[in-house]
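The structure appears below as structure tokens.
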Amino acid sequence: MTKTSRFSAPKGVPDYVPPGSSEFVAVREELIRAATLAGYGHIELPIFEETALFARGVGESTDVVSKEMWTFADRNGQSFTLRPEGTAGVMRAVIQHGLDKSAQLPVKVVYAGPFFRYENPQAGRYRQLQQVGVEAIGVDDPALDAEVIAIADAGYRTLGLKDFRLEITSLGDETCRPQYRELLQEFLYGLPLDEETKRRASINPLRVLDDKRPEVKALTAAAPLMIDHLSESAKTHFEQVLGYLDALGVPYVVNPRMVRGLDYYTKTTFEFVHDGLGAQSGIGGGGRYDGLMAELGGQPLSGIGFGLGVDRTVLALRAEGRPAGDPASCEVFGVPLGDAAKQALFVLAARLRASGIRVDLAYGGRGIKGAMKAADRSGAKFALVLGDRDLAENTIGLKDLGAGDQRQVSLDEVAGILAEALAR
Ligand code: HAM
């Protein structure tokens, strides 16, 4: 006899199964809705792209590209990578389809789906993660930065999330970033850093400020910060973004030490942080990426967007004791007693579903006790109990599963009675 083996999902890759999956869907749908309310159109892109797109778009010196990509050769030996994030792919598609030339600017898109990072799995950190993202491309207006941020804020709040904060800073632009980079490098080269860290300082000095080792943190505590070295234009841009956020009543804290994990950011950069999640506290993040389109071979247009972590938002809502969504899979549960009754109830269920009522039935010829237990467990508000004798009398038992009382109603009227009762 061959030994049967059991399979499990790959390490760090979550399954979304009922009843918890309803929370996941509710969060994803609400975050998408917040974006569509502001005119963002759906974009669906491949989950794998040419490896070079991410290497060039996200940045070779980032952990995402250098350590975390799921890269594979296809049968022709061409290198592809499971998308670690959404922005580079959106830019590729916008350039490829000429959306920046044919459509009105800004091009506003929203996407949702899985992304892949080969990280060490832990609570809230997965190898397949789910994001809802938006990108607004082609207009550099501080009001657009504030709109993008406000969409995320509104999405979280509509879901009921409360204990989160928005951290924001400016990473400057080409008028001040190069000078600041030199200043920071000068500072870092004067520190007793190990060779590897010095090498990082020469490639991307900002990344050294993100070093988690306490000794490096202590050494860089007095490092110059971009926010103190912004050019007049970058400073005005940032102040205007904050002004719009103030006008909207979106609260924020300026965090000048924020370092994002992706290299394309310029000017406005932000993160949404939730303290109930332990180490993986970032529930969403984004910013402006004014050089990305040109870097990927398109025209030099600006862009701003965010990626919100659906998994972590679900966890944050749970941590606050406010799970999203309605896990009840049906509103009405049918209990047939007898063969003719079963067929009649089967047809009635289809009719009720067609009118928008969620209906399930007891299958498999269970006795009344088992079927009533199934009705109770289903989470439905009402049970419909139909025996062959009721059928002959053209009536049906309508049981309020919350209150426990049951009454006979006419089979011809039951759909209307249910619709009314459920609307209450
Ligand atoms: P990101 O900050 O790398 O940005 O990811 C956005 C969000 O995805 C994070 O805040 C977090 O909630 C979630 N996330 C990231 N990695 C994991 C993981 N391993 N497990 C669970 N959740 C995770 C981006 O991806 C940018 N593309 C966002 C953006 C769009 N910037 C401009 N436009």
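Take 1 as the starting number for the sequence shown in UniProt numbering and just add one per residue.
The beta-carbon is built from N, C-alpha and C at its ideal position, and this holds for glycine as well.
- Cβ-heavy atom distance, residue 117 to the ligand HAM, below 7 angstroms: Reading the sequence shown from its first residue, position 117 is the one you call residue 117. Flag set: Cβ of residue 117 near the ligand HAM.
- Residues bridged to residue 399 (per DSSP): On the sequence shown, residue 399 is found 399 positions in, with the first residue counted as 1. Per DSSP, 383, 406.
- residue 360 lies in the beta strand (DSSP E); which residues open and close that run? In the sequence shown, the residue the question calls residue 360 occupies position 360. For residue 360, the enclosing beta strand (DSSP E) covers residues 359–361.
- Item | 8 angstroms Cβ shell around residue 59 - same chain, five flanking residues per side excluded | Against the sequence shown, residue 59 aligns to sequence position 59. Result list for residue 59: 65, 204, 262, 263, 264, in chain order.
- Message: Does the region 234–253 come into contact with the region 210–222, if we say contact requires no fewer than three beta-carbon pairs (one atom in each stretch) closer than 8 angstroms?
- Response: Too few Cβ pairs lie closer than 8 angstroms, so no.
- Task: Could you please give the first and the last residue of the uninterrupted beta strand (DSSP E) stretch that includes residue 111?
- Result: Here residue 111 corresponds to residue number 111 of the sequence shown, with the count starting at 1. Bounds of the beta strand (DSSP E) holding residue 111 are 107–116.
- Query: Do you know whose CA, among 163, 78, 105, lies nearest residue 454's CA?
  - Reply: Given that the chain is displayed from residue 1 to residue 424, the structure contains no residue 454 and the question cannot be resolved.
- Query: For the candidate residues 188, 292, 200, whose alpha-carbon lies nearest to that of residue 218?
  - Reply: Walking along the sequence shown from the start, residue 218 turns up at place 218. It is 188 whose Cα lies nearest to the Cα of residue 218.
- Task: Rounded to whole angstroms, what's the CA-CA distance from residue 386 to residue 333? Just pull it up for me.
- Result: The residue labelled residue 386 in the question sits at position 386 within the sequence shown. The residue labelled residue 333 in the question sits at position 333 within the sequence shown. A direct Cα-Cα distance of roughly 11 angstroms separates residue 386 from residue 333.
- Measuring alpha carbon to alpha carbon, tell me which of 278, 137, 335, 344 ends up nearest residue 368. Taking the first residue of the sequence shown as 1, we reach residue 368 at position 368. Of the listed residues, the one whose Cα sits closest to residue 368 is 335.
- Task: Could you tell me whether the region 360–367 touches the region 308–328, using the rule of 3 or more Cβ pairs below 8 angstroms?
- Result: Judged by Cβ distances under 8 angstroms, the region 360–367 makes no contact with the region 308–328, as fewer than three pairs qualify.
- Just to confirm, are residue 151 and residue 38 a CB contact at a threshold of 8 angstroms? For the purposes of this step, residue 151 is identified with residue 151 of the sequence shown, where counting begins at 1. For the purposes of this step, residue 38 is identified with residue 38 of the sequence shown, where counting begins at 1. Against a cut-off of 8 angstroms, the Cβ pair of residue 38 and residue 151 comes out as a contact.
- Task: Measuring alpha carbon to alpha carbon, tell me which of 230, 358, 394 ends up nearest residue 381.
- Result: As a position in the sequence shown, residue 381 is number 381, starting the count at 1. The candidate whose alpha carbon is nearest that of residue 381 is 358.
- Message: Using a Cβ distance threshold of 8 angstroms, determine whether the region 110–123 contacts the region 65–82, with at least three qualifying pairs required.
- Response: These segments touch.
- Message: Among 417, 101, 114, 222, whose alpha-carbon lies nearest the alpha-carbon of residue 400?
- Response: Numbered from 1 along the sequence shown, position 400 holds the residue referred to as residue 400. Of the candidates 417, 101, 114, 222, the residue whose Cα lies closest to the Cα of residue 400 is 417.
- Message: For a test of your reading of the model: does the CB of residue 283 fall under 7 angstroms from any non-hydrogen atom of the ligand HAM? Yes or no.
- Response: As a position in the sequence shown, residue 283 is number 283, starting the count at 1. Under cutoff, so the answer is yes.
- When every heavy atom of the ligand HAM is checked, does at least one fall within less than 7 angstroms of the C-beta of residue 131? Here residue 131 is taken as the residue at index 131 of the sequence shown, counted from 1. Within the cutoff, so yes.
- Three-state class that DSSP yields for residue 7 in the structure shown: As a working mapping, residue 7 is identified with position 7 in the sequence shown. It is coil, neither helix nor strand.
- Message: Using CA atoms only, rank isn't needed, just tell me which of 346, 248, 175 is closest to residue 148.
- Response: The residue you call residue 148 lines up with position 148 of the sequence shown. Looking at the Cα atoms, 248 is the closest of the given residues.
- Query: Distance, Cα to Cα, residue 301 vs residue 315?
  - Reply: Mapped onto the sequence shown, residue 301 falls at position 301. Mapped onto the sequence shown, residue 315 falls at position 315. So the alpha carbons of these two residues sit roughly 36 angstroms apart.
- Query: Any heavy atom of the ligand HAM closer than 7 angstroms to the Cβ of residue 289?
  - Reply: Here residue 289 is taken as the residue at index 289 of the sequence shown, counted from 1. Yes, the beta carbon of residue 289 sits closer than 7 angstroms to at least one heavy atom of the ligand HAM.
- Output the residue ranges of the alpha helix (DSSP H) runs that lie fully inside the region 256–310 and measure 4 residues or longer, sorted by chain position. DSSP assignment within the region 256–310 yields the following whole alpha helix (DSSP H) runs of 4 residues or more, N-terminal first: 292–295.
- Message: For residue 1 and residue 33, what's the separation of their Cα atoms in angstroms?
- Response: Position 1 of the sequence shown, counting from 1, holds the residue named residue 1. Position 33 of the sequence shown, counting from 1, holds the residue named residue 33. Any reading at residue 1 needs caution, since the residue's pLDDT is 48, under 50, leaving its predicted position unreliable; the model's value is listed next. In a straight line, the C-alpha of residue 1 is about 53 angstroms away from that of residue 33.
- Residues bridged to residue 71 [DSSP beta-bridge criterion]: If you number the sequence shown from 1, residue 71 lands on position 71. Under DSSP, residue 71 shares a beta bridge with 81.
- Task: Go ahead and label residue 236 buried or exposed: buried means 16 or more other beta carbons lie within 10 angstroms of its beta carbon, across all protein chains shown.
- Result: As a position in the sequence shown, residue 236 is number 236, starting the count at 1. Its Cβ having fewer than 16 others within 10 Å, residue 236 is exposed.
- Kindly give me the distance between the Cβ atoms of residue 238 and residue 166, rounded to whole angstroms, as I take these residues to be in contact under 8 angstroms. Within the sequence shown, residue 238 is the residue found at index 238, counting from 1. Within the sequence shown, residue 166 is the residue found at index 166, counting from 1. Under the criterion of beta carbons closer than 8 angstroms, residue 238 and residue 166 do not qualify as touching, at roughly 14 angstroms.
- Query: Using a threshold of 7 angstroms, is the CB atom of residue 24 nearer than that to any non-hydrogen atom of the ligand HAM?
  - Reply: By 1-based counting over the sequence shown, the position of residue 24 is 24. For the ligand HAM, not one heavy atom lies less than 7 angstroms from the Cβ of residue 24.
- Query: Can you tell me where the beta strand (DSSP E) with residue 334 in it begins and where it stops?
  - Reply: Taking the sequence shown and counting its residues from 1, one reaches residue 334 at position 334. Secondary structure note for residue 334: its beta strand (DSSP E) is the uninterrupted segment 332–337.
- Query: According to DSSP, is residue 355 helix, strand or coil?
  - Reply: For the purposes of this step, residue 355 is identified with residue 355 of the sequence shown, where counting begins at 1. The answer is coil: DSSP assigns residue 355 none of H, G, I, E or B.
- Task: Give the DSSP-derived three-state secondary structure of residue 31 in the structure shown.
- Result: In the sequence shown, the residue the question calls residue 31 occupies position 31. Residue 31 sits in a helix when the DSSP states are folded into three classes.
- Message: By the DSSP assignment, the alpha helix (DSSP H) with residue 209 in it spans what residues?
- Response: Position 209 of the sequence shown holds residue 209. For residue 209, there is no enclosing alpha helix (DSSP H), as DSSP marks it with neither H nor E.
- Closest by CA to residue 27, which one among 284, 373, 10? In the sequence shown, the residue the question calls residue 27 occupies position 27. Looking at 284, 373, 10, the one whose alpha-carbon comes closest to that of residue 27 is 284.
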